[in-house]
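Going line by line, the protein sequences match chains A and B. If you number the first sequence the way the UniProt record's numbering does, the last residue is 83 and the count never jumps. If you number the second sequence the way the UniProt record's numbering does, the last residue is 227 and the count never jumps. Heads up, the beta-carbon is just placed ideally off N, CA and C, and yes, glycines get one too. Worksheet: the structure to be examined is printed underneath.
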Amino acid sequence: MKKVTVYITLKQGVLDPQGKAIQTSLHSLGYEEVQEARVGKFIELQIDDKEDLDARINAMCDQLLANPVIEDFRFDVEEAVQS
Amino acid sequence: MKFAVIVFPGSNCDRDMYHAAKEIIKEDTDLVWYENSNLEDYDAILLPGGFSYGDYLRSGSVAATSKIMKQIKEHAAKGKPVLGICNGFQILLEAGLLPGAMLRNKNLAFMCHQEPLKVVNNKTIFTSQYEKDAVISYPIAHGEGNYFCDDETLKELQENNQIVFTYEDNPNGSVADIAGIINKEGNVLGMMPHPERAVEELLGSDDGVKLFQSIVNNWRESHVVNA
């Protein structure tokens with residue numbers, strides 16, 4: 001069993017209205033040093049080990065988990081800790 | 001002419017769409033549950049607004065992977081009309097039937113009000129009853145209606161006259177004020193504003209009637225054999 005962590009972020013250059021709102025709020029708290037805030041999501045998957053695991057995760061991201069028009073993704077694969 | 005209004009779990013403008021096609025335009029119309037797998041008998045497919053599958057991952061993304069999409073793609077490939085409104089537009093984008101993607105509105109707010117639109121392209125099967133550059137009023141109701149595409153796609157949309165409706169006063173931050181686009185072949189239209197909620201004066205506008213009439217008139221012209 002593998003634990004896969006998928007990170008999805010808006011592509012650079014794509015307006016991130018949530019990030020902008022967070023940046024504005026941080027400024028109003030006095031954290032003027034924040035130059036940019038960007039919001040993404042992260043998805044954890046427990047996956048049975050399989051051949052072509054990376055290729056299959058790539059396809060999952062492309063087909064469903066991320067929208068390649070506006071989002072970039074990357075993922076880490078590690079051994080799942082068995083309980 | 002026979003319309004199918006596809007109903008997904010979470011669709012909430014399906015009845016409005018049905019009302020427009022059935023009661024206002026008076027054409028044969030069915031509400032079709034998304035698990036129904038036979039769309040062969042229908043002449044046009046209407047994808048209504050709402051929150052299909054609760055918009056759990058991204059708006060329209062889960063509906064775009066549902067089984068019925070295969071049939072909708074086949075129907076579209078045959079050149080038959082497909083109209084997606086609001087969540088229906090988001091589904092068409094996620095399914096790759098139209099280019100681009102939706103972002104959260106630039107002000108992050110859900111917006112629900114009448115909005116003036118310009119009919120930029122009246123040479124489509126959906127807009128032939130409108131004058132070119134007519135300014136009309138439809139309601140909008142969305143939180144993720146900020147249409148995005150890259151520069152290359154935008155250029156292509158402009159060169160092929162695929163931009164059908166633009167906002168007069170862009171409420172959500174959409175690229176090039178885009179409110180609705182059509183595919184290259186001219187039979188798949190997606191738009192964020194709601195023509196089906198603008199079909200009676202009582203609703204504040206009946207500007208949406210001409211859109212449904214355009215579909216029917218164009219269908220009749222190509223399907224009714226001259227005696």
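Segment contact: the region 33-43 of chain B against the region 42-52 of chain A, fewer than three CB-CB distances shorter than 8 Å; contact not assigned.
In the structure shown, the three-state DSSP call for B:Ser222 is helix. Within the region 54-71 of chain A, the residues whose Cβ lies closer than 7 Å to any Cβ of chain B are, in chain order, Leu64, Asn67, Val69, Ile70. Going by C-alpha positions, B:Gly10 is about 21 Å away from B:His113. At least one beta carbon of chain B lies nearer than 7 Å to the beta carbon of A:Ala21.
With contacts defined by Cβ atoms closer than 7 Å, B:Ile182 and B:Gln162 form a contacting pair. Excluding its 5 nearest sequence neighbours in each direction, B:Arg104 has C-beta neighbours in its own chain below 8 Å: Gly143, Glu144, Asn146, listed in chain order. Within the model, the alpha-carbon separation for B:Ser174 versus A:Gln18 is close to 16 Å.
For B:Asn218, same chain residues with a beta-carbon under 7 Å away, outside a window of 5 residues either side, are Ile125, Ser128 in chain order. At a beta-carbon threshold of 9 Å, none of the residues of chain B lie near A:Leu26; the nearest stands roughly 16 Å away. Per DSSP, A:Gln63 has no beta-bridge partner at all. The CB of A:Val4 never comes closer than 8 Å to any CB in chain B; the least such distance is about 16 Å. Look at B:Lys22 here: in three-state DSSP terms it is helix. As the crow flies, the alpha-carbon of B:Glu156 is around 20 Å from that of A:Asn67. Excluding its 5 nearest sequence neighbours in each direction, B:Gly100 has C-beta neighbours in its own chain below 7 Å: Leu93, Tyr147, Phe148, Cys149, Thr153, listed in chain order.
Residue environment for B:His75: buried (at least 16 other C-beta atoms within 10 angstroms of its C-beta). Taking a Cβ-Cβ cut-off of 9 Å, the neighbours of B:Thr65 in chain A comprise Gln63, Leu64, given in sequence order. For A:Glu79, the enclosing beta strand (DSSP E) starts and ends at 71-79. Taking all protein chains shown into account, A:Met1 has fewer than 16 neighbouring C-beta atoms within 10 Å of its C-beta and is therefore exposed.
A contact is defined here as three or more CB-CB pairs under 8 Å, and the region 37-46 of chain A fails this definition with respect to the region 20-32 of chain B. Among the CB atoms of chain A, one or more fall inside 7 Å of the CB of B:Phe148. Counting along the chain, the unbroken beta strand (DSSP E) around B:Gly180 starts and ends at 178-182. In the DSSP assignment, B:Pro116 forms a beta bridge with B:Ser137. With respect to the C-alpha of B:Leu57, the residue from B:Thr166, B:Ile91, B:Phe3 having the closest C-alpha is B:Ile91. Contact between B:Leu117 and B:Phe165 holds, with the beta-carbon distance rounding to 5 Å and staying under 8 Å. For B:Ala101, the neighbours in chain A by C-beta distance under 7 Å run, in chain order, Asn67, Val69, Ile70. In the DSSP assignment, the residues bridged to B:Tyr167 are B:Leu117. Within 8 Å of the CB of A:Leu15, the CB atoms of chain B belong to Leu103, Lys106, Asn146, Phe148, Gly173, in sequence order along the chain. Taking the Cα positions, A:Val81 is about 19 Å away from A:Asp54. Residues of the same chain with a CB within less than 7 Å of the CB of A:Asp16, apart from the 5 flanking positions on each side, are Leu10, Arg38, Val39 in chain order. Sixteen is the threshold: since fewer than 16 other Cβ atoms of the shown chains lie within 10 Å of the Cβ of B:Leu108, the residue is exposed.
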